[in-house]
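**Q** These protein sequences, in sequence, are chains A and B.
In terms of full-length UniProt numbering, the first sequence opens at residue 1 and continues consecutively.
In terms of full-length UniProt numbering, the second sequence opens at residue 1 and continues consecutively.
A virtual CB, placed ideally from N, CA and C, is assigned to each residue, including glycine.
Owing to the predicted nature of the structure, the values given are computational and were not obtained by experimental measurement.
2 protein chains.
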Amino acid sequence: MNAVGVIVEYNPFHNGHAFHLYGAKEQANADIVIAAMSGNFLQRGEPALVSKWKRTEMALKAGADIVFELPYTFATQQADSFASGAVSILAASGCNSLCFGSESGNIDSFYRTIDFLKNNNELFQQKVKYHIAQGNSYPKATSLAFLDLMPNEDMLDLSKPNNILGYQYILSVQKQQASINVFTVSRKSADYHDAYFSSETIASATSIRKALFSENGDISSVRQYLPDTSYNSLLEYKAEYGHFHDWEQYFPLLKFRLIQTTPAQLKNIYEVEEGLENRLISTALESYTFKQFMEKLKTKRYTWTRLQRTCVHILTNTTKNEMDRKVEKASYLRLLGMTSKGREYLNKHKAQLGLPLISKLTLEQNEQLMLDIRASRIYALGTTGKNQQRLLEMEFKQPPLILN
Amino acid sequence: MNAVGVIVEYNPFHNGHAFHLYGAKEQANADIVIAAMSGNFLQRGEPALVSKWKRTEMALKAGADIVFELPYTFATQQADSFASGAVSILAASGCNSLCFGSESGNIDSFYRTIDFLKNNNELFQQKVKYHIAQGNSYPKATSLAFLDLMPNEDMLDLSKPNNILGYQYILSVQKQQASINVFTVSRKSADYHDAYFSSETIASATSIRKALFSENGDISSVRQYLPDTSYNSLLEYKAEYGHFHDWEQYFPLLKFRLIQTTPAQLKNIYEVEEGLENRLISTALESYTFKQFMEKLKTKRYTWTRLQRTCVHILTNTTKNEMDRKVEKASYLRLLGMTSKGREYLNKHKAQLGLPLISKLTLEQNEQLMLDIRASRIYALGTTGKNQQRLLEMEFKQPPLILN
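#1: Using a Cβ-Cβ distance cut-off of 8 Å, determine whether residue 362(A) contacts chain B.
#2: Tell me which same chain residues have a C-beta within less than 8 Å of the C-beta of residue 62(B), skipping the five on either side of it?
#3: For residue 250(A) and residue 283(B), I'd like the C-alpha separation in whole angstroms.
#4: Does any residue of chain A have a CB that is nearer than 8 Å to the CB of residue 377(B)?
#5: Run through the DSSP bridge pairs and tell me what residue 69(B) is partnered with.
#6: Tell me the DSSP secondary structure of residue 79(B) in three-state form.
#7: For residue 191(B), collect the residues of the same chain with a Cβ closer than 7 Å to its Cβ; drop the 5 residues on either side in sequence, then sort them by chain order.
#8: Is the CB of residue 385(B) under 8 Å away from at least one CB in chain A?
#9: Rounding to the nearest angstrom, what Cα-Cα distance links residue 405(A) and residue 334(B) in this structure?
#10: I need the boundaries of the alpha helix (DSSP H) containing residue 437(B), first residue and last residue.
#11: Indicate whether at least one CB of chain A lies closer than 8 Å to the CB of residue 249(B).
#12: Excluding the 5 residues flanking residue 359(A) on each side, which residues of the same chain have their C-beta closer than 6 Å to its C-beta?
#13: When you compare each of 78(B), 36(B), 130(B) to residue 87(B) by their alpha carbons, which one comes out closest?
#14: So, is the C-beta of residue 76(B) closer than 8 Å to a C-beta in chain A?
#15: From residue 266(A) to residue 32(A), what distance separates their C-alpha atoms?
#16: When the Cβ atoms of the stretch 199 to 207 of chain B are set against those of the stretch 237 to 245 of chain B, are three or more pairs found closer than 8 Å?
#17: Name the residue from 110(A), 176(A), 148(A), 286(A) whose alpha carbon lies nearest to the alpha carbon of residue 329(A).
#18: According to DSSP, simplified to helix, strand and coil, what is residue 318(A)?
#19: Which residue from 316(A), 170(A), 128(A), 162(A) puts its Cα closest to that of residue 381(A)?
#20: Given that a residue counts as buried once 16 or more other Cβ atoms are within 10 Å of its Cβ, and exposed if not, what is residue 385(B)?
#21: Along the alpha helix (DSSP H) that carries residue 132(A), what are the first and last residues, could you check?
#22: Going by the DSSP bridge assignment, what does residue 234(A) pair with across the sheet?
#23: What are the complete beta strand (DSSP E) segments, minimum 3 residues, inside the stretch 221 to 275 of chain B?
#24: To the nearest angstrom, report how far apart residue 461(A) and residue 144(A) are at their CA atoms.
#25: What is the rounded straight-line gap between the Cα of residue 6(B) and the Cα of residue 182(B)?
#26: Which residues of chain A have a Cβ atom closer than 7 Å to the Cβ of residue 317(B), listed in chain order?
#27: Express the C-alpha separation of residue 306(B) and residue 348(B) in angstroms, rounding to a whole number.
#28: If we count the other Cβ atoms within 10 Å of its Cβ and call it buried at 16 or more, is residue 404(B) buried or exposed?
#29: Tell me the DSSP bridge mates of residue 358(A)?
#30: So that I know if they touch, is there some Cβ in chain A lying closer than 8 Å to that of residue 125(B)?
#31: Alpha helix (DSSP H) containing residue 24(A): first to last residue?
#32: What's the call for residue 252(A), buried or exposed, on a 16-neighbour Cβ count within 10 Å?
#33: Measuring CB to CB, does residue 319(A) end up less than 8 Å from residue 268(A)?
#34: Among 179(A), 10(A), 50(A), 187(A), which has the Cα closest to the Cα of residue 387(A)?
#35: Could you please give the first and the last residue of the uninterrupted beta strand (DSSP E) stretch that includes residue 401(A)?
#36: If you run the structure through DSSP and keep just helix, strand and coil, what is residue 50(A)?
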């Protein structure tokens, strides 16, 4: 059985994701799809709209066969670490291919760009440093440095977020010497060449979330962009928990922690650097919503997502000691769910898996896992009463979802 | 001008307190009353019903002339530290007498008991150790040890909370060699000998709080136990803030912090000893109200108030380093309010005050003051939106209350 890997967040799972899974299987000529999916907190530094269990259900119902949790250690990091952890999971689970969505849609441009930058690395790093010294964020400086070198039009546009991620996936595959073929599919709806996937049925997860949190908050307004199964999962979650998760529910906790802590203690938190600790505390004291807090906090030096990720680490109390250890690979495969075909695959490949498979959680002293457990528990605090209890208990009691 | 000192919490100020102030002035033949009053968190390990500003207002309207804040460092401690900090404030502000309410009502029995225990200290300490080894809390062991020595009936009943406090006040006066005469008035309404203070108008602060938080929560049910001025202050606070403060409002924050932290970090918090850190975390995970949490947490070894105080320190993130320094005296007189007579006194005695007077707060690096500021800010998080903003800003913007 051939498995193609995908690296995803599904926040929420929409038609574009369904198209991606379809394209991945076709291009890689694969029997099943294995997804490395972020847990409850995402790369943009946000709590997921719905729990990782509900997002696993959406994925399994719309084309994925196995979902592994991308540990917190990688899921809430910048592109290189995020890619590195995810690729290590796909490699360990025996995927012989990886397919990602990109703005480019042309895999050759990725390899050309990687070669070009390897050959011009010194000059490139100089340019990056220059643009950081000018007060730009690291991603912005990277993108500007790349433009400075004026590559021709065959090169990748490295200012686009999904091109950057794909670029890092390929670098990780090379670095980890994984036997993985890499493919890409275009994220542009116009390139989909399919009646089922047009601009009328495709919208980004960002715009879908925006609609869900708009003043009317009418779920039906996003119905056309989601597979029916996803739409129903969202309806169910809202009926069960009363709301989708967003930063505003966690802001009172973040504010409390920032008021409670001292600058010296705050400096122990991952990504709190260069005097940011004082700015975080003083901004919290005068903010009453997360939106207000972020707008006051934002400077040119840091990207919005970098600051949001820092806030996630404060919320989960993740210290530099716990994160900053240049770990490149996941230390387990945490199974969130599978289809019967996925189960067949795992049974066949059990002996060849490159990492221990965790399907039932116990309180063991694995540092990556401890962070995942803590993150899930903190995520549960976005709800109250019975709902909080259910989410808190799920982390240990919920067996992997199995779909036929 | 003669000043008599009182050590108080006023949670809330009731008729018994008014009687105490009346008796204090009379017994000490004093012109004014100076109160050392706990801030927003109290000795029983609870948030105050209403803010320290509102409680200052109640005190000034019903007989106190000057209110100084008893720093958090002392206010949230067991009886000996609580007494020590409070006595240092009264001594520094020039009080030549101190009057406390007690179950005993007989000042001689306090002195007799102090002498008796000084003379039998070694034996007494052995007995205390024995009862602690039997699994009793420290206060319980002290009380049992005292009974073992079988003092005659002229001795103080040291199982009564206000006798214990009074005993510690006198010890602190002796230890600090303060020129302060100590008086006591009985707390029993039957001893009040006054038509205005009968069992129909006297109730303990504990029973008043209980009535305020009962299911009906009808303020008018406690009207008969409060001076009109206090009753109106309570009405105003409830109208302004929507509720009185209690632990339940802070429990989501406490729970978050206990889920977020590690046992090793929790051990840095003041009073978290002997494996209590693990018990606190596991109990938080399965509790959904503060009441539930405390009932599960309680053991014979720790008193309820000791555990509540520990929770206050976790809430305010007060570490052993910040508290456990055997400091016996306050390092400032923080003025919360005064009557015109109180102002006259302070103007006259300005030069003789034993500690710096703080009437307007600045962010200076005094450790005791930093704790007070943090405690007030955390206290404000028991409210939301505009009310939270008002309470947060008050700490720096509110000048001392002045009543004519």
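**A** Looking at the coordinates:
#1: Locating residue 362(A) in the first sequence gives position 362, where the first residue counts as 1. Cβ-Cβ to chain B under 8 Å: no for residue 362(A).
#2: Mapped onto the second sequence, residue 62(B) falls at position 62. Closer than 8 Å at the Cβ level, and outside the excluded window around residue 62(B), lie 13, 17, 18, 21, 227, 229, 230.
#3: Your numbering for residue 250(A) matches position 250 in the first sequence. Your numbering for residue 283(B) matches position 283 in the second sequence. When rounded, the distance between both Cα atoms is 22 Å.
#4: Here residue 377(B) refers to the residue found at position 377 when the second sequence is read from its first residue. Residue 377(B) counts as touching chain A.
#5: As a position in the second sequence, residue 69(B) is number 69, starting the count at 1. Bridge partners of residue 69(B): 37(B), 334(B).
#6: To locate residue 79(B), count along the second sequence from 1; it is residue 79. Helix, per DSSP.
#7: By 1-based counting over the second sequence, the position of residue 191(B) is 191. Summary for residue 191(B): the model assigns pLDDT 47, below 50, so the residue's position carries little reliability, and this model does not support an answer.
#8: Taking the second sequence and counting its residues from 1, the one referred to as residue 385(B) is at position 385. It does; some Cβ of chain A falls within 8 Å.
#9: Nothing about residue 405(A) can be read from this structure; chain A reaches only from 1 to 404.
#10: The question about residue 437(B) has no answer, for chain B in this structure spans 1 to 404.
#11: Position 249 of the second sequence, counted from the first residue, corresponds to residue 249(B). Cβ-Cβ to chain A under 8 Å: no for residue 249(B).
#12: Residue 359(A) sits at position 359 when you count from the first residue of the first sequence. Correct list, in chain order: 335, 400.
#13: The sequence position of residue 87(B) within the second sequence is 87, counting from 1. Residue 36(B) is the option with its Cα nearest to residue 87(B).
#14: Within the second sequence, numbered from 1, the residue matching residue 76(B) stands at position 76. No, no contact with chain A.
#15: What you label residue 266(A) is simply residue 266 of the first sequence in a count that begins at 1. What you label residue 32(A) is simply residue 32 of the first sequence in a count that begins at 1. Near 44 Å, if we compare the C-alpha coordinates of residue 32(A) and residue 266(A).
#16: no
#17: Position 329 of the first sequence holds residue 329(A). The shortest Cα separation from residue 329(A) among 110(A), 176(A), 148(A), 286(A) belongs to 176(A).
#18: As a first step, residue 318(A) must be located in the first sequence, where it is residue number 318. DSSP places residue 318(A) in coil when its eight states are reduced to three.
#19: Taking the first residue of the first sequence as 1, we reach residue 381(A) at position 381. Of 316(A), 170(A), 128(A), 162(A), the residue nearest in Cα terms is 316(A).
#20: For this step, residue 385(B) is matched to residue 385 along the second sequence. Residue 385(B) comes out exposed.
#21: Within the first sequence, the letter at position 132 stands for residue 132(A). Note, residue 132(A): alpha helix (DSSP H), 121 to 133.
#22: If you number the first sequence from 1, residue 234(A) lands on position 234. Paired residues: none, contrary to the question.
#23: none
#24: Any answer about residue 461(A) is impossible in this case: the structure gives chain A only from 1 up to 404.
#25: Locating residue 6(B) in the second sequence gives position 6, where the first residue counts as 1. Locating residue 182(B) in the second sequence gives position 182, where the first residue counts as 1. If I take the Cα positions, the gap works out to 10 Å.
#26: Position 317 of the second sequence, counted from the start, is the residue given in the question as residue 317(B). Those are 260, 261, listed as they occur along chain A.
#27: Locating residue 348(B) in the second sequence gives position 348, counting from the first residue. Locating residue 306(B) in the second sequence gives position 306, counting from the first residue. Near 41 Å, if we compare the C-alpha coordinates of residue 306(B) and residue 348(B).
#28: Position 404 of the second sequence, counted from the first residue, corresponds to residue 404(B). Exposed, because fewer than 16 other Cβ atoms sit within 10 Å of the Cβ of residue 404(B).
#29: Translated into positions along the first sequence, residue 358(A) becomes position 358. Its beta-bridge partners are 334(A).
#30: The residue labelled residue 125(B) in the question sits at position 125 within the second sequence. No, residue 125(B) does not count as interfacial toward chain A.
#31: Taking the first sequence and counting its residues from 1, one reaches residue 24(A) at position 24. Run containing residue 24(A): 15 to 28, per the alpha helix (DSSP H) assignment.
#32: To locate residue 252(A), count along the first sequence from 1; it is residue 252. Looking at its Cβ environment, which holds 16 or more other Cβ atoms inside 10 Å, residue 252(A) is buried.
#33: Translated into positions along the first sequence, residue 319(A) becomes position 319. Translated into positions along the first sequence, residue 268(A) becomes position 268. For residue 319(A) and residue 268(A), yes; Cβs fall inside 8 Å.
#34: Translated into the one-based positions of the first sequence, residue 387(A) becomes position 387. Nearest C-alpha to residue 387(A): 50(A).
#35: As a working note, residue 401(A) is residue 401 in the first sequence. 401 to 403 is the extent of the beta strand (DSSP E) around residue 401(A).
#36: For the purposes of this step, residue 50(A) is identified with residue 50 of the first sequence, where counting begins at 1. The answer is coil: DSSP assigns residue 50(A) none of H, G, I, E or B.
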